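Student: This is the structure, below, for whatever I ask next.
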Amino acid sequence: MAFIFANALISWHAKHGRVGMPWQNKRDPYAIWVSEIMLQQTQVSTVSERYLLFMKRFPTLSSLANAPIDDVMALWSGLGYYSRARNLHRCAQKIMSEHSGKFPRDLDALESLPGIGRSTAGAIVAFAYDVHAPILDANVKRVLSRFHGIEGDLQDRETIKQLWVRAQAQLPKVSIKMPIYTQALMDFGATWCTPKQARCISDEARCPMMNNCLAYQTNRVDKIPAKKKKSASPSFQTSIFLIQSGEFILLERRAPKAIWGGLYSLIELPWEPQSKDIALMTVRNARKILSKTLLGDKALDIDFKQIMSVQTSSVIQHVFSHRRLQMYPYLVSLNQKWTISHPNLIWIKRANIAEIGLPQPIRVFLESSSR
Ligand code: SF4
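Quick note: the sequence shown uses the working numbering, first residue -6, plus one each step.
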């Protein structure tokens, strides 16, 4: 079975594999690693453009390791799942300091690095070094569960264990085929054996796996993998304060573990229902509310009498994968900039916001509020 699967997949790839993606056919483990991390949770169309920008700014492992984290976060802005960017940076520094700047070939060593899981490690060594190491990302899990007729929940440990065994067993015999096989498996899962449109049950084309695919042979393609019932995503609210003085705005770097950790954003406070009412958000209220956080948490010496006006703006909605966020913005104008020396607070010119890492909805809000 292993022989059939790998060879059929490689032949399929020659005709139907994806072409033109900028990270394809690379042997440099650094370039492979960056693309693998970017492609986690981000669509190919988005990554295609952003990958080239990233590689232009950080063409080598050492250039990434030596860059300020703020530069990395700025370039990651809009890609989401920002822990990936922080881990890329930490990982690059670790490889420089602990592996003399060379990507390990050893899977265990790779997996011990920040942000590199077993599947990513497999992809790196298969593409870069022809190592017989399987991958098992979400697309591959679906392909293998259908091909082998495995019905278990794809999040379940036991199911994942079974899939790793299958993934290992059906690798090509010859290691030199590992890069093309790995790419073929990725392409097949992304374009052919897809969640809703498996080619074997559409009229578009025959699938080369049909005669050996258990899901197809037992008429269970639309049942494997098992669909999970979606629960309603919870929502939460915050108040955000766009504090501005002339051409400057005040930003705060978010805590590493917070949502959008490490990015700069507006001062944020827990939302209080009554504060969304413009009639209640007076200058005096804004002074009181801001003084609680800016004087309390950050021990700053600020003159709140410099707040001249406060306006509200339309609520900003943002949807994460598992929850929804509503942000209630307040535009606070000062008659002069506060003197700030807190390490996580900065004044920045509006004209320069493209240079720093901001959450995408905050960037859009700042751009629209300056018009
Ligand atoms: S036969 Fe259908 S379900 Fe099986 S691998 Fe091919 S596309 Fe996927």
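Beta carbons are placed, not taken as given, at the ideal position from N, Cα and C, and that holds for glycine.
Since this is a predicted model, take the numbers as computed values, not measurements.
1. Please identify the residue among 24, 320, 133 whose C-alpha is closest to the C-alpha of residue 312.
2. Roughly how many angstroms separate the alpha carbons of residue 80 and residue 34, rounded to a whole number?
3. With a 10 Å radius around its C-beta and 16 neighbouring C-beta atoms as the bar for buried, classify residue 70 as buried or exposed.
4. In terms of DSSP beta bridges, what is residue 305 paired with?
5. Is residue 247 near ligand 1, with its Cβ less than 7 Å from a heavy atom?
6. Would you identify the three-state DSSP class for residue 214, choosing helix, strand or coil?
7. Less than 7 Å between C-beta atoms, sequence neighbours within five positions excluded: which residues of the same chain meet that for residue 358?
8. Which same chain residues end up closer than 6 Å to residue 337 when comparing Cβ atoms and leaving out the 5 residues on each side of it in sequence?
9. Do residue -2 and ligand 1 come close, with the Cβ less than 7 Å from some heavy atom?
10. Can you tell me the Cα-Cα spacing of residue 130 and residue 92, whole angstroms?
11. Give the list of continuous beta strand (DSSP E) stretches no shorter than 3 residues that lie fully inside the segment 141 to 199.
12. Among 66, 172, 240, which has the Cα closest to the Cα of residue 50?
13. Taking 8 Å as the cut-off, decide whether the C-beta atoms of residue 115 and residue 102 are in contact.
14. Is it the case that the Cβ atoms of residue 75 and residue 253 are separated by a distance below 8 Å?
15. Rounded to a whole number of angstroms, what is the C-alpha to C-alpha distance between residue 108 and residue 149?
16. In the DSSP output, which residue or residues are listed as bridge partners for residue 242?
17. If you check the beta carbons only, do residue 31 and residue 54 fall under 8 Å apart?
18. Starting from the C-beta of residue 213, find all residues in its chain whose C-beta is less than 6 Å away, skip the five residues before and the five after it, and write them out in chain order.
19. Between the segment 170 to 178 and the segment 144 to 159, are three or more C-beta pairs nearer than 8 Å?
20. Under 8 Å by Cβ, that's how I've got residue 121 and residue 21 pegged, so tell me the actual separation to the nearest angstrom.
21. Tell me where the beta strand (DSSP E) around residue 370 begins and ends.
22. Residues in its own chain within less than 6 Å of residue 23 by CB, not counting five upstream and five downstream?
23. Can residue 278 and residue 299 be called in contact, C-beta distance under 8 Å?
24. Does the beta-carbon of residue 271 have 16 or more other beta-carbons within 10 angstroms, so that it is buried, or is it exposed?
25. Taking the C-alpha atoms as reference points, what is the distance between residue 186 and residue 179?
26. Whose beta carbon lies closer than 7 Å to any heavy atom of ligand 1, going through the chain in order?
27. State the DSSP-derived secondary structure class of residue 23, mapped to helix, strand or coil.
28. Any idea what DSSP makes of residue 124, helix, strand or coil?
29. For residue 8, which residues in the same chain have their Cβ closer than 8 Å to its Cβ, ignoring the five residues on either side in sequence?
30. Pick out whichever of 225, 61, 302, 46 has its Cα sitting closest to the Cα of residue 365.
Tutor: For this structure:
1. Here the question's residue 312 lines up with position 319 in the sequence shown. The shortest C-alpha separation from residue 312 is found at 320.
2. By one-based count along the sequence shown, residue 80 stands at place 87. By one-based count along the sequence shown, residue 34 stands at place 41. The alpha-carbon atoms of residue 80 and residue 34 are separated by roughly 15 Å.
3. On the sequence shown, position 77 is the one that residue 70 refers to. Classification of residue 70: buried, given that the 10 Å Cβ count is 16 or more.
4. If you number the sequence shown from 1, residue 305 lands on position 312. Bridge partners of residue 305: 323.
5. In the sequence shown, residue 247 corresponds to position 254, counting from 1. Not under cutoff, so the answer is no.
6. Translated into the one-based positions of the sequence shown, residue 214 becomes position 221. Coil at residue 214, not helix or strand.
7. Sequence index remark: in the sequence shown, residue 358 carries index 365 (1-based). Correct list, in chain order: 309, 322.
8. Start at 1 with the first residue of the sequence shown, and residue 337 comes out as number 344. If we look at residue 337 and ignore the five residues flanking it on each side, its Cβ neighbours are 245, 246.
9. The residue labelled residue -2 in the question sits at position 5 within the sequence shown. No, the beta carbon of residue -2 sits no closer than 7 Å to any heavy atom of ligand 1.
10. Locating residue 130 in the sequence shown gives position 137, counting from the first residue. Locating residue 92 in the sequence shown gives position 99, counting from the first residue. For residue 130 and residue 92, the distance between alpha carbons rounds to 26 Å.
11. none
12. Taking the first residue of the sequence shown as position 1, residue 50 is located at position 57. For residue 50, the nearest C-alpha among the options comes from 66.
13. As a first step, residue 115 is located in the sequence shown; it is residue number 122 there, counting from the start. As a first step, residue 102 is located in the sequence shown; it is residue number 109 there, counting from the start. No.
14. The sequence position of residue 75 within the sequence shown is 82, counting from 1. The sequence position of residue 253 within the sequence shown is 260, counting from 1. Cβ atoms of residue 75 and residue 253: closer than 8 Å.
15. Translated into the one-based positions of the sequence shown, residue 108 becomes position 115. Translated into the one-based positions of the sequence shown, residue 149 becomes position 156. Cα-Cα distance, rounded: 21 Å.
16. Position 249 of the sequence shown, counted from the first residue, corresponds to residue 242. Answer by DSSP bridge pairing, in chain order: 237, 341.
17. Within the sequence shown, the letter at position 38 stands for residue 31. Within the sequence shown, the letter at position 61 stands for residue 54. Not in contact: residue 31 and residue 54 (Cβ atoms no closer than 8 Å).
18. On the sequence shown, residue 213 is found 220 positions in, with the first residue counted as 1. Counting only Cβ-Cβ distances below 6 Å, and skipping sequence neighbours, we find nothing.
19. no
20. As a first step, residue 121 must be located in the sequence shown, where it is residue number 128. As a first step, residue 21 must be located in the sequence shown, where it is residue number 28. About 7 Å separates the two Cβ atoms, so the contact holds.
21. Absent from the structure is residue 370, since the part of the chain shown begins at -6 and ends at 364.
22. Stepping through the sequence shown from its first residue, residue 23 is reached at position 30. Contacts found: 54.
23. Here residue 278 is taken as the residue at index 285 of the sequence shown, counted from 1. Here residue 299 is taken as the residue at index 306 of the sequence shown, counted from 1. Cβ distance not < 8 Å, so residue 278 and residue 299 don't count as in contact.
24. On the sequence shown, residue 271 is found 278 positions in, with the first residue counted as 1. Confidence in residue 271 is poor, its pLDDT being 47 and thus under 50, which makes the residue's placement unreliable; the coordinate value appears in the next sentence. Exposed.
25. What you label residue 186 is simply residue 193 of the sequence shown in a count that begins at 1. What you label residue 179 is simply residue 186 of the sequence shown in a count that begins at 1. Cα to Cα, the separation comes out at about 10 Å.
26. 136, 139, 140, 185, 186, 191, 192, 193, 194, 200, 202, 203, 206, 208, 209, 214
27. Working through the sequence shown from its first residue, we reach residue 23 at position 30. Looking at residue 23 - three-state DSSP - the assignment turns out to be helix.
28. Position 131 of the sequence shown, counted from the start, is the residue given in the question as residue 124. Residue 124: coil per DSSP, three-state reduction.
29. In the sequence shown, the residue the question calls residue 8 occupies position 15. Within the same chain, residue 8 has no close Cβ partners at all.
30. Not covered by the structure: residue 365. The range shown for the chain is -6 to 364.
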